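Chains as they are written, first to last, in my numbering: chain A, 11 to 178; chain B, 11 to 178.
Structure (structure tokens):
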């Protein structure tokens with residue numbers, strides 16, 4: 011039987027950063043955090059954009075979540091605060107237990123639209139979560155392929171694949 | 011001996027979009043272009059952000075290039091127009107012939123800083139091209155890992171891995 015698990019905000023300290031190394035999507039963000047921690051630019055146990063699920067004492071799933079201000083919104087109609095979600099990942103051995111869904115459901119609780127631009131081919135998962143590909147807008151999306159989820163009453167902004175292509 | 015090749019701007023028509031299918035990084039952007047072309051929202055032979063190299067009659071390498079206005083610049087000091095580069099790809103069988111470098115050199119000609127956020131692990135190539143990882147800025151970079159190249163006299167903007175993390 012699946013034990014009850016909860017999603018918690020992760021604070022940044024050396025222990026958490028060590029646990030992050032288990033995740034495939036460990037990179038520039040974590041290294042910068044580590045440098046800032048080592049250089050005392052940030053304090054131990056600083057608030058981070060990461061949320062995670064512990065299974066026993068092990069961090070087995072995580073995501074980053076950041077609230078983007080309405081003034082930067084280029085995805086939704088009307089423009090509004092939305093959540094950017096990235097680095098959603100469940101460790102091998104802990105998959106197919108609903109941990110990924112648990113994290114996404116946690117994000118949905120805020121009743122704000124959500125945008126994510128997954129790096130790997132995980133579109134099947136996102137579709138199950140109710141996300142769909144945003145209509146591509148060249149000037150806005152450039153090299154990214156955003157997926158979005160909208161709560162009741164929010165629609166996707168109209169876009170154009172070409173926009174006003176500036177000639178170089 | 012390597013034949014002389016040149017980099018050309020690609021216009022969007024059904025033939026070019028068909029050729030794009032050979033590239034691994036064919037996705038949302040190309041599909042949107044195809045839809046817009048089929049729906050007569052864009053005209054045949056529209057200017058595109060794509061540049062490519064033909065080898066004989068075959069398109070064997072391509073990239074997208076877009077000039078971002080200084081007012082949106084969050085990467086360079088002082089803020090200035092820069093080029094966003096994405097979807098750089100050389101078809102298998104045509105690699106190690108300098109085509110990737112040719113495309114990057116084409117972009118460098120504009121003497122503007124360049125930013126790219128490669129999806130796959132190609133950092134070795136980018137380092138050879140003189141690019142380096144931008145210092146991670148959470149609010150700016152979110153889930154991306156930008157690499158940048160700067161011409162003489164341009165420096166990277168100072169950033170913080172944490173920014174002003176807003177509490178959700």
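Where is the CB? At the ideal position from N, CA and C, for every residue including glycine. Since we're looking at a predicted model, the values are computed, not measured.
Per-residue burial, residue i [other beta carbons within 10 Å of its own, 16 or more giving buried]
i                     : result
residue 85 (chain A)  : buried
residue 39 (chain B)  : buried
residue 103 (chain B) : exposed
residue 151 (chain B) : buried
residue 67 (chain B)  : exposed
residue 24 (chain B)  : exposed
residue 138 (chain A) : exposed
residue 130 (chain B) : exposed
residue 72 (chain A)  : buried
Residue i versus residue j - alpha carbon distance
i                     : j                     : result
residue 70 (chain A)  : residue 51 (chain A)  : 28 Å
residue 124 (chain B) : residue 117 (chain A) : 34 Å
residue 56 (chain A)  : residue 42 (chain A)  : 14 Å
residue 11 (chain B)  : residue 110 (chain B) : For residue 11 (chain B), the predicted model reports a pLDDT of 49, less than 50, meaning its position is unreliable; a value from the coordinates is still stated below. So the alpha carbons of these two residues sit roughly 17 Å apart.
residue 153 (chain B) : residue 106 (chain B) : 30 Å
residue 140 (chain A) : residue 155 (chain B) : 26 Å
residue 46 (chain B)  : residue 26 (chain A)  : 47 Å
residue 58 (chain A)  : residue 21 (chain A)  : 6 Å
residue 157 (chain B) : residue 120 (chain A) : 33 Å
residue 35 (chain A)  : residue 99 (chain A)  : 8 Å
residue 178 (chain A) : residue 135 (chain B) : 24 Å
residue 83 (chain A)  : residue 133 (chain B) : 31 Å
residue 108 (chain A) : residue 142 (chain A) : 20 Å
residue 101 (chain B) : residue 74 (chain B)  : 15 Å
residue 37 (chain B)  : residue 127 (chain B) : 16 Å
Enclosing alpha helix (DSSP H) for residue i [first to last residue]
i                     : result
residue 42 (chain B)  : 38 to 48
residue 113 (chain B) : 109 to 118
residue 152 (chain B) : It is not in any alpha helix (DSSP H) - residue 152 (chain B) carries neither H nor E in the DSSP assignment.
residue 27 (chain B)  : 24 to 30
Opening and closing residue of the beta strand (DSSP E) in which residue i lies
i                     : result
residue 126 (chain B) : 124 to 126
residue 137 (chain B) : Segment 133 to 138 is the alpha helix (DSSP H) holding residue 137 (chain B); no beta strand (DSSP E) there.
residue 80 (chain A)  : First-last for residue 80 (chain A): undefined, no H or E at that position.
residue 94 (chain B)  : 92 to 100
residue 59 (chain B)  : 56 to 65
Beta-carbon proximity list for residue i, same chain, < 8 Å, skipping 5 on both sides
i                     : result
residue 122 (chain B) : 77, 90, 91, 92, 93, 161
residue 169 (chain A) : 144, 145, 146, 147, 150
Cβ-based neighbour list, residue i, same chain, cut-off 6 Å, excluding 5 preceding and 5 following
i                     : result
residue 87 (chain B)  : 165, 167
residue 114 (chain A) : 139
residue 19 (chain A)  : 61
residue 159 (chain B) : 124, 140, 141
Closer than 7 Å: residue i CB and nearest the ligand NAP heavy atom
i                     : result
residue 130 (chain B) : With respect to the ligand NAP, the structure shown offers nothing to examine, as it has no ligands at all.
Nonlocal neighbours in the same chain, by C-beta distance under 7 Å from residue i, ignoring five residues either side
i                     : result
residue 112 (chain A) : 15, 17, 63
residue 44 (chain B)  : 27
Within-8 Å CB hit, residue i to chain D
i                    : result
residue 16 (chain A) : Checking the listed chains, one finds no chain D in this structure; the protein chains it contains are A and B.
**OP:** May I ask you to verify whether the stretch 95 to 109 of chain B touches the stretch 43 to 57 of chain B, counting CB pairs closer than 8 Å and requiring at least 3?
**Re:** no
Original post:
Is there contact here, the stretch 158 to 166 of chain A with the stretch 27 to 45 of chain B, by at least three beta-carbon pairs under 8 Å?
Top reply: Contact between the stretch 158 to 166 of chain A and the stretch 27 to 45 of chain B is absent: fewer than 3 CB-CB pairs across the two stretches fall below 8 Å.
Original post:
Touch check for the stretch 15 to 26 of chain A and the stretch 63 to 78 of chain A: three-plus C-beta pairs under 8 Å?
Top reply: Taking one beta carbon from each stretch, the stretch 15 to 26 of chain A and the stretch 63 to 78 of chain A have 3 or more pairs nearer than 8 Å; the two touch.
**OP:** Determine, using beta-carbon pairs with one atom in the stretch 132 to 152 of chain B and one in the stretch 70 to 83 of chain A, whether at least three such pairs fall under 8 Å.
**Re:** The stretch 70 to 83 of chain A and the stretch 132 to 152 of chain B touch, with three or more beta-carbon pairs separated by less than 8 Å.
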